[in-house]
Amino acid sequence: MVTALLGLNTEELRALVQEEGEPAYRGNQIAEWIYRRGARTFEEMTNLPDALRVQLEKKYGVGRPRVVTVQHSRDGTAKLLLEMRDGARVEAVGLPYEDRFSCCLSTQVGCPVGCVFCATGLSGYTRNLTAAEIVGQALAVQEEAQESSSGVDERSRRVDHVTFMGMGEPLLNYAASVKAIQLLNRELGIAMRHLTLSTVGFVPGIRRLAEEQRQITLAVSLHAPTDKLRRQLIPKMVKWSVAEIIDACHEYVRQTGRRVTCEYCLLGGVNDGIAEARELTNLLHGLNCHVNLIPYNSIRGPGFRGPSPKGIRAFREVLSSAGIQVTQRVQRGPDIDAACGQLQHRINTVPAIDEA
Ligand code: SAH
Ligand code: SF4
Numbered sequence: 115m116v117t118a119l120l121g122l123n124t125e126e127l128r129a130l131v132q133e134e135g136e137p138a139y140r141g142n143q144i145a146e147w148i149y150r151r152g153a154r155t156f157e158e159m160t161n162l163p164d165a166l167r168v169q170l171e172k173k174y175g176v177g178r179p180r181v182v183t184v185q186h187s188r189d190g191t192a193k194l195l196l197e198m199r200d201g202a203r204v205e206a207v208g209l210p211y212e213d214r215f216s217c218c219l220s221t222q223v224g225c226p227v228g229c230v231f232c233a234t235g236l237s238g239y240t241r242n243l244t245a246a247e248i249v250g251q252a253l254a255v256q257e258e259a260q261e262s263s264s265g266v267d268e269r270s271r272r273v274d275h276v277t278f279m280g281m282g283e284p285l286l287n288y289a290a291s292v293k294a295i296q297l298l299n300r301e302l303g304i305a306m307r308h309l310t311l312s313t314v315g316f317v318p319g320i321r322r323l324a325e326e327q328r329q330i331t332l333a334v335s336l337h338a339p340t341d342k343l344r345r346q347l348i349p350k351m352v353k354w355s356v357a358e359i360i361d362a363c364h365e366y367v368r369q370t371g372r373r374v375t376c377e378y379c380l381l382g383g384v385n386d387g388i389a390e391a392r393e394l395t396n397l398l399h400g401l402n403c404h405v406n407l408i409p410y411n412s413i414r415g416p417g418f419r420g421p422s423p424k425g426i427r428a429f430r431e432v433l434s435s436a437g438i439q440v441t442q443r444v445q446r447g448p449d450i451d452a453a454c455g456q457l458q459h460r461i462n463t464v465p466a467i468d469e470a
């Protein structure tokens, strides 16, 4: 099987072409083609000499995932089902806004954490994705948006915000997630602050990000102010208490100077009461954070329901009156199951055919 070049940064591509007996600047040209000009094959790399293209084709491929299906929501959201070389499938979502173009990427095929309210978690786990497979999703989302848009402005639109909020737990796939962040930043030009990593609260990973002083936006999915409640919602991530997760968040703020986002999925009658709002307020006291409330998006299976509008207002009010900044996530793409927690894990055993 040929080796994929997607996933290598400019320096690595420079070294690779030098090993092939070529001048290093050819590596810059290849990076330009792969990351900025969307090339899928060496044939498209018209400023490379023919002999080099033929030589590279023998050993390497670009390695973009295959787009299996695209679904468009009424609100402009696009959900792509993508297939990797081994047939594994993940979903990625493109979210056009007036002032930015965001995409939501998967970091694993399925998820081993198994939160009881999340479609990905309930559908099992296969494997980690590589950095190339993560970045390949962003390129696919961008290309699809450019191809399907009608206006000139939209056609030139580039992904400028990325969230690791698709399928999987990025901190359980630390090396590939961090490598993907570096590629998105340096090769695709996306600002570190516009890269958001969302974690279920895997403490060793948060501490490592803090230690390495990564300037990304860190979002921590808390969902419960007490261990008892959190254990019910995330039964497999019981090793770290809520207090330990908050401690790690303090450490992240100390090391990076960045404010943390606490995500809280509101489940009607489960964690959306005034009592929980008060406990959450106490827990977050003194932490440089903002709370992002995510009303539950329905998935097949468990009998959860969303919070009532009145309940959301009351919950917000408790936090805001204690001086905590609160936002509410706007639901995008629910008609195509592209909203938070609705991405599914599907496996296919047929290998991708057009993956170079
Ligand atoms: N594994 C990471 C990132 C992917 S999940 C994490 O858990 O943070 C991204 C976000 O979607 C998380 O905050 C998660 O709690 C939320 N989510 C999962 N299922 C949901 C659902 N059914 N409704 C609303 N939000 C959900
Ligand atoms: Fe995994 Fe995040 Fe879904 Fe939990 S919410 S199962 S950690 S993807």
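FYI, our numbering numbers position 301 of the sequence shown as 415, with every residue one higher than the one before it. In this text, a Cβ means the ideal position worked out from N, Cα and C, and glycines have one as well.
Can you tell me where the beta strand (DSSP E) with residue i in it begins and where it stops?
i    : result
E377 : V374 to L380
Y502 : With the chain covering 115 to 470 only, the question about residue 502 has no answer from this structure.
A138 : Run containing A138: none; DSSP gives neither H nor E here.
L209 : A202 to P210
V184 : R180 to H186
E223 : The amino acid occupying residue 223 in the given sequence is Val; Glu does not appear at that position. Residues Q222 to G224.
With DSSP run on the structure shown, which of helix, strand or coil describes residue i?
i    : result
K193 : strand
L162 : coil
Y410 : coil
Q439 : strand
T70  : The shown model of the chain, from 115 to 470, leaves out residue 70, and the question about it has no answer.
N385 : coil
A305 : coil
N396 : helix
N242 : strand
G175 : strand
How far does the alpha helix (DSSP H) with residue i in it extend, from its first residue to its last?
i    : result
S434 : P423 to S435
T340 : No alpha helix (DSSP H) holds T340; DSSP gives it neither H nor E.
G250 : A245 to S262
C363 : V356 to T370
A453 : Element bounds for A453: n/a, residue is neither H nor E.
L127 : T124 to E133
Nearest CA to the CA of residue i: which residue from the options?
i    : options                   : result
V317 : Y288, V181 and L119       : Y288
L401 : V334, Q456 and I348       : V334
W147 : L302, V230, F278 and L130 : L302
D368 : A453, Q327 and T277       : The question names Asp, but residue 368 is Arg in the sequence shown. Ranking A453, Q327 and T277 by Cα distance to R368 puts Q327 first.
R272 : F429, P137 and R214       : R214
G224 : K293, A290 and P284       : P284
Q458 : A206, A138, L122 and A129 : A206
Report all residues from its chain with a CB closer than 7 Å to the CB of residue i; omit the five preceding and five following residues, and keep chain order.
i    : result
G152 : L253 and E257
Going by DSSP, name the residue or residues bridged to residue i.
i    : result
Y288 : For Y288, which the question treats as bridged, DSSP gives no partner whatsoever.
F215 : P210
In its own chain, which residues sit with a C-beta less than 8 Å from the C-beta of residue i, not counting the 5 before and 5 after it?
i    : result
T463 : With a pLDDT of only 34 at T463, under the threshold of 50, the placement of this residue in the model should not be trusted; the figure read from the coordinates follows. Result list for T463: G201, in chain order.
V176 : A118, L119, L120, I148, A153, R154, T155, F156 and A470
Once you ignore the five residues that flank residue i on each side, which residues in its own chain have a CB closer than 6 Å to its CB?
i    : result
R372 : none
R419 : G382
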